[in-house]
Every structure is written in structure tokens, then in C-alpha cells.
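Step one of this worksheet: look at the structure below.
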Amino acid sequence: MLSIRNIDTFYGNIQALHNVSIEIAEGEIITLIGANGAGKTTTLMSVCGVVPPRTGEILFRNQPIHHLSPDKIVPLGICQVPEGRLIFPYMTVMENLDMGAYLRKDKNGIKHDLEYIFDLFPILAQRKTQAGGTLSGGEQQMLAMSRALMARPKLLLLDEPSLGLAPLIIKQIFEIIEKINAENNTTVFLVEQNANQALKVAHRGYVMENGHISLTDSAENLMKNEDVRRAYLGL
Ligand code: ATP
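In my numbering, the protein residues as written are 4 to 238.
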């Protein structure tokens, strides 16, 4: 579904990604784990066109997208939930969700998806008229994910969904990620520092170090890998 091929991405003169290649098949949950500053967010930014790669290729369903701007990439079905959520704080929960569906015209589909989201996150149904900025961190993460789901993405890019959340909420968020993947066949590209949780839900994973992919394997094997256990799982 997504093929990142040998990309190099820069911020000015600083090279953040070095020859990064990642393959994601339809229906997979793929995680990219790594330390602070490894280049995980930059990888997502390259996919969604915010920081395009200088060299290499990115193909979505065989179509090159590395030269497209974000407004051309989103309608293809790629949606990102950024680190820090970035919901609209002065808009209500309902208005935030409406923004997620702004490219859609299918009223019945939107209604159906709203019901699905309120089923996934009943707390959001109770908070429909509350300003997004007054929600708790966990609720904001739920809203950010829901806003992305309202666009009916084929590929969902999640950047550190567990960041700053309490363990119980993290567990809930990861259960929902699995559910979205299983029920809607939404492909998920999950960037996480919480390698433990990420590898539990992912099918396969990539490890990133200093802008390079250093290792890739099934999530199961990565969890057993001694280097991964020591560096990322604290074992
Ligand atoms: P974290 O988990 O802390 O978010 P990360 O793995 O997502 O880290 P990136 O945010 O992709 O890492 O950063 C990769 C490298 O690119 C870092 O060295 C960072 O300092 C640099 N970088 C990120 N954003 C910019 C920017 N806007 N300008 C210059 N350098 C940047």
C-alpha cells in the first residue's frame, strides 16, 4: 500500500533521514520505534508531504506521492494524527469532528461514521458541545483520532498517540487502534516511543536510529530481540 524507497529528508542543511525504506501492506499495523530525535516524526512528515524527501520515492498504491503537497495527499486517503494532537481548542468536539469530514459529501456516510465514533469513544458523545481545548489529554487524543477517522482514511498515520497519557488511557487507545484496523481494514502506520505497547498491537516493526532504519522484523521477533529489549523495552 505504501512504499517508502530510499528517502533522504533534510531540514535546510541538516539531514534527518538517511536512505530510509519502509513497506506497508494493505491492512497491516506497522510500527516505527526509536529514541527521541531518531527521525520518526520526520518520516511521517515526509509521507504526508509536509517535509518532502529530497531524494528517493514514496508510492501510495503504486502512485508516486513524494512530489505532492499535503492538500493533494489527504484526499488520496492518507490522514495523520500529529504528535500533541493539535485539535482545534476553541471549537467544540462536534465542530472538530465536522472538520475531519470537510472533504466529504456523503451525508449518510458521515452520519454512520459519527455513530461509529461515538460507539468507539462514548465520552466524546457526552462532550459534543464542549470546547476541544478543555478536554483531558486522553480525551483530546480520542478526539484527534476520531477527527482523522471522519475523513475515512485508508492509511492512518499516528504520531506518538501514547505521549503524556496515563497507563489506563494508553491501554484503551491501543485497543481502539487494533479495533479500527480489524473492523475497518484501516492500515495503520504507528510511530511510538512506547515500544512495548506498539509492538503488542503491530504486525511488523521498524527500528530507527539517527535517521537510519537499523532493524526490521515481525513485532513478535522484535519483542524477543535482545538489542530491542535492552534499548527500547527496558528489559
Ligand atoms: P521524538 O520522538 O522526540 O518526536 P523523532 O524520532 O520523531 O523524535 P524527529 O522529530 O523526526 O525525531 O527529528 C529528527 C531530527 O530532525 C532531530 O535531530 C531533530 O532535531 C531534527 N528536526 C526535527 N524538526 C526539525 C526542524 N523543523 N528543523 C530542524 N531540524 C529538525
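Glycine included, each C-beta is placed from N, C-alpha and C at the ideal position.
Discussion item. Just to confirm the assignment, what range does the beta strand (DSSP E) spanning Ile61 have?
Written reply: Going by DSSP, Ile61 is part of the beta strand (DSSP E) stretching over 58 to 63.
Worksheet item: How close, in whole Å, do the beta carbons of Asn99 and Leu146 come, if the pair is a contact with beta carbons under 8 Å?
Response: 6 Å
Item to complete: Would you kindly check if the distance between the Cβ of Lys131 and the Cβ of Met97 is under 8 Å?
Response: yes
Practice prompt. Quick one: residues with CB closer than 5 Å to any heavy atom of the ligand ATP, in chain order, please.
Written response: Here the residues come out as Tyr14, Ala19, Asn39, Gly40, Ala41, Gly42, Lys43, Thr44, Thr45.
Fill in: Complete beta strand (DSSP E) runs within the stretch 105 to 180 (minimum length 3 residues, chain order)
158 to 162
Worksheet item: Would you call the stretch 50 to 60 and the stretch 5 to 12 touching, i.e. three or more CB-CB distances under 8 Å?
Response: yes
Item to complete: With DSSP as the reference, please indicate the residues paired to Tyr209 in a beta bridge.
Response: Leu35, Thr219
Worksheet item: Can you tell me where the alpha helix (DSSP H) with Leu89 in it begins and where it stops?
Response: Taken as a continuous stretch (DSSP letters only), Leu89 belongs to no alpha helix (DSSP H), as it is neither H nor E.
Worksheet item: Contact between the stretch 27 to 43 and the stretch 175 to 193: three or more CB pairs below 8 Å?
Response: yes
Worksheet item: Going by other Cβ atoms of all chains shown within 10 Å of its Cβ, with 16 needed for buried, is Ile61 buried or exposed?
Response: buried
Worksheet item: Can you tell me whether DSSP reads Asn99 as helix, strand or coil?
Response: helix
Worksheet item: Of all the options Pro164, Gly237, Glu29, Lys227, which has the alpha carbon lying nearest to the alpha carbon of Lys157?
Response: Glu29
Item to complete: Could you name the residues of the same chain whose beta carbon sits closer than 7 Å to that of Val204, not counting the 5 residues immediately before and after it, in chain order?
Response: So the qualifying residues of the chain are Ile32, Phe177, Ile180, Glu181.
Discussion item. On the criterion of 16 or more Cβ atoms from any shown chain inside 10 Å, does Ser149 qualify as buried, or is it exposed?
Written reply: buried
Worksheet item: Are the beta-carbon atoms belonging to Thr219 and Arg207 less than 8 Å from one another?
Response: yes
Worksheet entry | Selection from Phe124, Leu202, Ser72 that minimises the alpha carbon distance to Asn228 | Leu202
Item to complete: Would you kindly work out how many angstroms separate the C-alpha atoms of Lys174 and Ser49, rounded to a whole number?
Response: 28 Å
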